[in-house]
Structure formats: C-alpha cells, structure tokens
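Below you'll find the structure, written out as structure tokens, and then a few comments.
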Amino acid sequence: MAALQTSQVTGGGESSNPLEIVLKHLDDVPHMIYGALMIVLITFHGQVGSTISAYADSALGRVLGIGVVLGIVQTLGWTYGLLTALAFLLIVHGSPRLAATGIDAFEDLKRHEAKGNRWFVEKVLGENPEGVTSDGVNTEAVQDDSETAMRSGHSNR
Amino acid sequence: MKWPEMLQFANTFDGFLRLLFVVAAGITLVVYSMPFETQYPAKLIELYMAPWWRLLTTLLVLTAAIWCPRVGILVALVVFFYLGDMNTLLTPFASTTKPL
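For the protein sequence lines, the chains are A and B, in the order given. Here our numbering is used: position 70 in the first sequence is 70, and no number is missing along the way. Each number in our numbering corresponds to the 1-based position in the second sequence with 1000 added.
Shown next, in the form of structure tokens:
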C-alpha cells in the first residue's frame, strides 16, 4: 500500500497519474473548441468549395489569411497559430488556378447529353454515362517559331 | 561556434529523440514531400481516403508541436505537403481549373 502511494505521488507532491497531468494542462475551453475546429478543417479541407479557396488565394485573401494567422499566434499561442497556418495553406493550395496561368486549351469543350446505345467498352466496364463533355475539339498544328526554325526557313529560300 | 538557443538540443535522451525526429522529418521532406514527381508509398495513398487517418495526422502535428516546436514545424510541413499533394492528385483534373 505504501509502495502504491509513493508510485502515485512523486517529488514535490505532484501527481504522476497521466489523466491528471492531461487534465491539469488542458487549455481554456474556447481555445480548445477553436483547435478542434481547425483540426476538422484540416481533416476535411478537400470539402471546402472552390469559390472559398479562390477567394483565399486572391491578394486580399492572402493578406487577410496571414493577418489572421499572426493574430492567432499573438492571442492564442503559436500551437494554434501553426494549426491555423496549416489550414490556411491547405485551402489556398486547393484553389483552382490553372486558368490564371495562361493555359487556354480545351476552351471549346461543351457538354452533350448521352444519346443512343451505350458503347461496347461502356457495357463491358458497366458504365452509364449521363453526358459527353465534347464530341469535337478544334486543334491547330504545332508551329515552331523559334529563331533556329526561322533561320533555316530563310536559308531554304 | 555556438548554435542559436532555439536550435540547441539538451544533452539528454529527450534531446536525442527530438534531434532524431527532426532529422527524420527533414529526410522525409527532402525525399518525398518537396519533389512532386516522387510517389508516396501505396499504403499512404490508400489511407488518405479514410477521414480518421487525416484526423490522426493532424493530431500528430498538434502532439509534435506541444512536445517540441522544431519537431512540430517540420511535421506540419510534412503533413501539409502530404495532404495537399494527395488532394491535388486525387481530384479530377476538370475540377481543378478555374471556370472561364
């Protein structure tokens, strides 16, 4: 019995029970709720809509996001700030941005309703397509307009 | 030469463990996270589908951050690259383009 008591109470009268240590070091309830929200946001960041992530990826959204992260670090501490930064970066990372980089291919894609019988591969693979993205795409031949090609073109003349 | 205080590890087993985790996270960052072309292990790709796994990885960041700031930051970077890359690679290409 005495040995059990000494194992539960260490030097300075501080308890070594893990549950008590955890309960003793718990943060305020509002802070923990905020942390839980951040954890859920990080876990399901793929469910965040593209509109929201596009706003977050804009110049104003980035400034506001970094400001919020700094504010959280100052008020709630750097651990919550790290979670907030992770959530913000994941939302920004998931924003649609390929059109902004100048990729203008497949502009003439249109959606058509699926008509007629299913194709053989669709029957084999058990697919039931509701529509076809496009049945015709305009393409152009690849043109080499580099300096080398232009020089060789001139020399052939 | 003396290291900055935040980069110093105490000469204890705990300090050795922190150093070990920092080195492991650094190697993971260089080998798997930063090169986009490097494929993640198949198990990690399968586990990403499960929400409880993503929850555990986020709790790993929280635990590491509470334990040691240096380990927490590096683990957060590893988890960011993992979650971000998985989300990008498993999303259909058509939904990643901005509507014109």
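Positions of the beta carbon are idealized from the N, C-alpha and C atoms, including for glycine. Source: prediction; values computed, not measured.
(message) Quick check: what's the CA-CA separation for V1071 (chain B) versus E130 (chain A)?
(response) Each residue's alpha carbon lies about 49 Å from the other.
(request) State yes or no: is the beta carbon of L1059 (chain B) nearer than 8 Å to at least one beta carbon in chain A? (result) For L1059 (chain B), the answer is yes, since a Cβ of chain A falls inside 8 Å of its Cβ.
(message) If we define contact as Cβ-Cβ less than 8 Å, is H93 (chain A) a contact residue for chain B?
(response) Chain B contact via Cβ: present.
(message) Assuming contact is defined by CB atoms lying nearer than 8 Å, are L1073 (chain B) and T79 (chain A) in contact in what I supplied?
(response) According to the sequence shown, residue 1073 (chain B) is Ile rather than Leu. No; because the gap between Cβ atoms is not below 8 Å, this pair is not in contact.
(request) Report the rounded CA-to-CA distance for L70 (chain A) versus L86 (chain A), giving the unit in angstroms. (result) 13 Å
(message) Against T43 (chain A), what residues of chain B qualify as contacts under a CB-to-CB distance less than 8 Å, listed in chain order?
(response) P1051, R1054, L1055 and T1058
(message) For H112 (chain A), list the residues DSSP reports as bridge partners.
(response) A:V132
(request) Taking V1075 (chain B) as the reference, give the member of B:R1018, B:F1036 and B:M1086 with the closest Cα. (result) B:R1018
(request) Using the Cα positions of Y1175 (chain B) and R111 (chain A), report the straight-line distance between them to the nearest angstrom. (result) The structure shown does not extend to residue 1175 (chain B), since chain B is modelled only from 1001 through 1100, so no value can be given for it.
(request) Taking all protein chains shown into account, decide if I42 (chain A) is buried (16 or more other Cβ within 10 angstroms of its Cβ) or exposed. (result) buried
(request) Taking all protein chains shown into account, decide if A1050 (chain B) is buried (16 or more other Cβ within 10 angstroms of its Cβ) or exposed. (result) exposed
(message) Extract the residue ranges of the beta strand (DSSP E) inside the stretch 13-83 of chain A, only unbroken runs of 3 or more that lie entirely within it.
(response) Counting only runs of 3 or more residues that sit fully inside the stretch 13-83 of chain A, no beta strand (DSSP E) segment turns up.
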